[in-house]
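Participant:
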Amino acid sequence: MQIEHVSTTQLAGMAAPYNPRRISDHDLDALRRSLRFFGTVEPIVVNKRSGHIVGGHQRVRAAEAEGIDTLPVVYVDLDDPSERQLNLALNKISGEWDEEKLAAVLAELEQVGACFPLRNPSGFEGVNR
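Using the working numbering, you'd call the opening residue of the sequence shown number 3 and step up by one each time.
Structural data, given as structure tokens:
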């Protein structure tokens, strides 16, 4: 997998018009804090054929808001239906939290005073620690 660095401004103009994902202001703020704290650790996925972002729309928005100049990008070469399928897969296929393990990890981080950059990100509310 070859990674290239692309201007965040250029990427912002490559958003797929069909992308069904949206992000709340709360989660966008959490994503911005994560980018500030950890930097960019996952590349944006762009389709060579269409020039559309396939995965990473919200990270591009957050990076642009943070003034990050470039982002790592990997390119795929897909027809339109495959691009849309990958977009949905990247945005929706994920596991569930193991509530017990999640609570333990969050409690351990609190004990050591770890500065958790996401501060109450969606999905952690109501976890018994």
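Even glycine gets a Cβ: it sits at the ideal position worked out from N, Cα and C.
All of these numbers come straight from a predicted model, not from anything done at the bench.
CB-CB under 8 Å to L30, same chain, minus the five flanking residues each way: which ones, in chain order?
Facilitator: Counting from 1 along the sequence shown, the entry for residue 30 is found at position 28. Around L30: Q60, R63, A64, A67.
Participant: Would you kindly check if the distance between the Cβ of Y77 and the Cβ of V47 is under 9 Å?
Facilitator: Here residue 47 refers to the residue found at position 45 of the sequence shown. Here residue 77 refers to the residue found at position 75 of the sequence shown. For V47 and Y77, yes; Cβs fall inside 9 Å.
Participant: Can you tell me whether S84 is helix, strand or coil according to DSSP?
Facilitator: Counting from one through the sequence shown, the residue named residue 84 turns up at place 82. Correct three-state label for S84: helix.
Participant: For I1, count the other beta carbons within 10 Å of its own beta carbon; 16 or more makes it buried, fewer makes it exposed. Which is it?
Facilitator: The chain is shown only over 3 to 131; residue 1 falls outside these bounds and no answer can be derived.
Participant: When you compare only the Cα positions, how much space is there between Q12 and L111?
Facilitator: In the sequence shown, the residue the question calls residue 12 occupies position 10. In the sequence shown, the residue the question calls residue 111 occupies position 109. Distance between the alpha carbons of Q12 and L111 is about 37 Å.
Participant: According to DSSP, P74 sits in a beta bridge with which residue or residues?
Facilitator: The sequence position of residue 74 within the sequence shown is 72, counting from 1. Partner(s): H7.
Participant: Going by DSSP in three states, N89 sits in which element: helix, strand or coil?
Facilitator: In the sequence shown, residue 89 corresponds to position 87, counting from 1. If DSSP states are grouped into helix, strand and coil, N89 belongs with the helices.
Participant: Short check: CB of E6 to CB of N49, under 9 Å?
Facilitator: On the sequence shown, residue 6 is found 4 positions in, with the first residue counted as 1. On the sequence shown, residue 49 is found 47 positions in, with the first residue counted as 1. Not closer than 9 Å, so no.
Participant: Please name the residue or residues paired with I25 in a DSSP beta bridge.
Facilitator: Within the sequence shown, residue 25 is the residue found at index 23, counting from 1. None, per the DSSP bridge assignment.
Participant: Leaving out the 5 sequence neighbours to the left and right, which residues in its chain are closer than 7 Å to R34 when beta-carbon positions are compared?
Facilitator: Mapped onto the sequence shown, residue 34 falls at position 32. The residues are A64, A67, E68.
Participant: So what does E55 bridge to, in DSSP terms?
Facilitator: Here residue 55 corresponds to residue number 53 of the sequence shown, with the count starting at 1. Looking at the sequence itself, residue 55 is Ile, so the reference to Glu does not match. Paired residue(s): V48.
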